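Now the structure itself:
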């Protein structure tokens, strides 16, 4: 009798679990549909993989429509997120910077919490200085020749970043190639910043 009751209890519990799981999955599916556009925008931001200005502008338009104009997120939140994604997906740093500038120029927000390199780039591009906010002296960055041009086409650093083995080999075959040369790419060597959102 005890075994039979335990089996019945287990069957009821199993049915409860299945129905609860189905209910949870149903709610999850509803939420995913409700926030589908937001998910797609964040996916595009987190996995940015283009240098094409038209595609960058398309992402900008999506950010405006889905996140900013809908008042779902503040402009500052988006700029912070872009600056952090750029550090983690630095192969497309220049694309993130272009996207950042589009938002910055359209909204002119009061921004805080962006990656220090972006404060520096704003200073270089627009002459607006916020050294006290970023904790880095801009003169130090200038003395290190920090520039977006670090990853220009036809450079060894670009070949390394793109995992272009053939291009890298070609650079090493050039007369006078210094196999001990070192170069710093500032945004790769900065401390890892957690993405809080």
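Numbering (the working numbering), first residue to last: 6 to 202. The C-beta atom is built at its ideal place from N, Cα and C for all residues, glycine as well. Model, not experiment: these values are computed from the prediction.
Please name the residue in 120, 109 and 114 whose C-alpha comes closest to that of residue 5.
-> The chain is shown from 6 up to 202; residue 5 falls before or after that span and cannot be answered.
Can you give the Cα-Cα distance for residue 177 and residue 49, rounded to whole angstroms?
-> Residue 177 and residue 49 have their C-alpha atoms some 35 Å from each other.
Nearest neighbour of residue 75, chosen from 179, 47 and 43 [CA to CA] | Closest by alpha carbon: 43.
Determine the extent of the alpha helix (DSSP H) in which residue 163 is found, giving its start and end residues.
-> Taken as a continuous stretch (DSSP letters only), the alpha helix (DSSP H) holding residue 163 covers 161-166.
From this set, 112, 132 and 116, which residue's C-alpha is nearest residue 86's C-alpha?
-> Selected option, being the one with the closest Cα: 116.
Of the listed residues 159, 169, 123 and 180, nearest to residue 102 (C-alpha basis) | Each of 159, 169, 123 and 180 was checked against the Cα of residue 102, and the nearest Cα belongs to 123.
DSSP state of residue 96, grouped into three classes?
-> Residue 96: helix per DSSP, three-state reduction.
DSSP state of residue 183, grouped into three classes?
-> The DSSP-derived three-state label of residue 183 is coil.
By DSSP, does residue 55 sit in helix, in strand, or in coil?
-> In the structure shown, residue 55 sits in coil (DSSP, three-state: anything other than H, G, I, E or B).
Find out if the Cβ-Cβ distance for the pair residue 62, residue 114 is shorter than 7 Å.
-> Note that the C-beta distance between residue 62 and residue 114 is not below 7 Å.
Tell me where the alpha helix (DSSP H) around residue 128 begins and ends.
-> Residues 121-131.
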